[in-house]
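Below you'll find the structure, written out as C-alpha cells, and then a few comments.
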Amino acid sequence: MYPTPGRCWGKAQSWFLEQMNEYAKYELRDIGDEERRATICGTTPELVKPGVPAIMLAEPLEDAAKAARARYKAGSWPELVFLDLDKERIQRKKHLADEGRVPETLWFASDVGGSLRGKNQVRDLFPDLHAFATPKPEELLQRVIHIGSNPGDIVLDCYGGSGTTAAVAHKMGRRWVTVELLPATVATYTKPRLTRVVNGDEPGGITTSTERLADADLPDDVTPDEAQEFNRLLTKVMKVVDVDKDAVKALRNATKTRSQTTTLWHGGGGFTHLEVGPSMFESVADIVVLAEWATQGDLARAMCAQLGVRYRPDGIFAAKRGQVRYVILDGLVGHGTVAAILDQLPEKQIVEVWATQIDPDAEAALRKARKGSQLTKIPEAVLDTYRRRAAKTSPFTRRTQQPEGADS
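The C-terminal position of the sequence shown is numbered 1644 in the numbering used here, with every residue numbered one higher than the one before it.
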C-alpha cells in the first residue's frame, strides 16, 4: 500500500507498524521497491534512498485476514482504522485538541483554498507530471502577501518549488527573490511557470477573479451568494416535495444570479535567473576540503606573480618558498576555512593565505594556531584585473527572462 502520487505518509513508519500490528502480525522488510517509490515521489529511482524497508505481513494472508476481522468486530479500534477491510481503505482518527490557542480569525477554504486546490493548480500547469505533496493555492499566498507587503516590496521565498509564491508576488506587483536547491525542479517547474506568468500564459489562480452578480432585482437584504444558495437548496427540496412549477419558476426568476469573471493579470515584467556556482568546499572520503576551483586558476596565478613566487599548484597550495606555503582563495575565509587549511599544512611550515574576503577573527585564529602565518586580503588592483577576466565565468550565471516580443 502506497500514498497517492505526490503525497507522503503523515506519520512515522514506526507509528504505522505499531498500528498495523493491532490488526495482524507485520514486520519491516526490504522489498527493493525503489522504482515504485520514485514514481510516487515524481523522481527517478537513483534519487530515491535505497534500502528503505516496507511494512509487510509476517504471517499467512488467511491468518492475517482472520485476525484483522476479529479486531475489527471487537470495536474500540486503534487510531488507524480500516473503513472497508475488503478494499483496504485506511483512515486515521482525528481528535479535537484539548489545549491550544483559540483561533482569532478564520480563512475559509472557499476563499483561500487548500492543498487540493493547490495541487489542481499545479496539475493544470503540468498535467503530465506529479504535483508536489502540499502545494499552496495562489489564493492563500495572495492573502499572506497582501497582509505582509505593499506593491514594490521584495518577497523572499527560500523554497522555490513549483514557484507559487514568486508567481503570486509577480502578479501582485511585488518584486521577488526565490531560491530552489534542485536544478531539476527549476528546469521542470519553477522557471517554466514564471516564464508563463511573464508572458501572460498562466491562466490559473489569481490571474482571474470570479464573483457572483445579481441577474434580477433581489431583495435588499439578500446577497447574490445567498440567492445562489437558495436555488441550490430549492433544487434539492424539489426532489422530495411536490412543488408547484409556476411557483418554482417565479422564485428562480426573482433570485436569478450569474458569474462574472474578470482577468486581473495579462502578463508583463521579467526576471533574472542566477545559477549559483559550486561550493568552495567539497567532501572527499567524508573529509571536508577546499575545492580545486577556489584555490587554483587565474586568480592564483595572478597573485603568485604579484608575490614573486612561482605558481606550482599542490593540492590547495598555489606555491611554496622555503618553509612558507601560499594559499590563494576566491571566497570568504572564516574559522572553518582556516581549520581546513591547517589540516593540510605540514608540520614546521607556515602559510600565507590571500583571499578576496576575510574574517578578522579568522586572521587572529590562524596566527595563534601557527605562529608566523598570516591571512591577508588580496589587493584591489589584482582583484580588478581578475574580475574583468572572470566576468564571463562568474559563479552566478545570469539569464534574464522578459515577455515574448519585448526588446532585450
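Idealized CB from N, CA, C, for every residue including glycine. Computed from a prediction, not measured in an experiment: that's the story for all the values here.
I1564 is the residue among Q1542, L1543 and I1564 whose C-alpha sits nearest the C-alpha of D1550.
Using a Cβ-Cβ distance cut-off of 8 Å, the stretch 1354-1374 and the stretch 1282-1297 are not in contact, since fewer than three pairs of beta carbons, one from each stretch, lie closer than that value.
Between I1586 and V1569, the gap from beta carbon to beta carbon reaches 7 Å or more.
For a cut-off of 8 Å, the C-beta gap from M1292 to E1263 is around 6 Å, short enough to register as a contact. About 19 Å separates the CB atoms of H1509 and G1436; that is not less than 8 Å, and the two are not in contact. For F1466, the uninterrupted alpha helix (DSSP H) segment begins and ends at P1460 to M1474. In the three-state reduction of the DSSP assignment, T1370 falls in the coil class, being assigned neither a helical nor a strand state. Taking the Cα of Q1610 as reference, the smallest distance to any Cα among L1619, P1281, K1247 and D1597 is reached at D1597.
Ranked by Cα distance from E1438, the first of A1403, A1600 and R1488 is A1403.
Straight across, the Cα-Cα distance linking T1491 with G1384 is about 39 Å. Collapsing the DSSP output to three states places S1398 in coil. Per the C-alpha coordinates, the member of A1575, D1482, A1617 and Q1532 positioned closest to K1604 is A1575.
Under the three-state reduction of DSSP, A1554 is assigned to coil, being neither helix nor strand. Measuring C-alpha to C-alpha distances from T1499 to each of S1445, R1548, W1412 and I1552 identifies S1445 as the nearest. Between the beta-carbon of G1396 and that of E1416 there is about 3 Å, and that keeps the pair under the 8 Å contact cut. Taking a C-beta distance under 7 Å as the contact criterion, K1372 and T1341 do not qualify as a contact pair. Taken through DSSP and simplified to helix, strand or coil, M1408 comes out as coil. Looking from the CA of V1380, the closest CA among T1370, P1363, M1408 and V1413 belongs to M1408.
Only residues of its own chain outside the window of five on either side were considered, and among them none has a CB closer than 6 Å to the CB of L1365. Taken atom to atom, the span from the alpha-carbon of V1473 to that of P1460 is near 20 Å. Boundaries of the beta strand (DSSP E) around M1292: A1290 to L1293. Here A1301 is not near Y1259, since their CB atoms are 7 Å or more apart. For V1413, the three-state secondary structure derived from DSSP is strand.
Between the beta-carbon of D1347 and that of E1375 there is about 7 Å, and that keeps the pair under the 8 Å contact cut. Here the alpha carbons of L1449 and Q1496 stand approximately 7 Å from one another. Per DSSP, the unbroken alpha helix (DSSP H) holding W1251 starts and ends at Q1249 to M1256. DSSP places Q1559 in the coil class of the three-state scheme, outside both helix and strand. Taking the C-beta atoms as reference points, L1392 is found no nearer than 7 Å to V1422. About 14 Å separates the beta carbon of L1470 from that of V1458, a gap too long to meet the 8 Å contact definition. Closest option to A1290, judged by alpha-carbon separation, among D1266, K1309 and V1433: D1266.
Between H1406 and the set T1443, G1268 and T1424, the nearest pair of CA atoms involves T1443.
Under the DSSP definition of a beta bridge, S1495 partners with R1448. Here V1391 carries a strand assignment [DSSP, helix/strand/coil]. Each of Y1562, C1277, T1240 and G1506 was checked against the Cα of M1539, and the nearest Cα belongs to Y1562. R1488 has its alpha-carbon roughly 7 Å from the corresponding atom of N1467.
For V1348, the enclosing alpha helix (DSSP H) starts and ends at A1345 to V1348.
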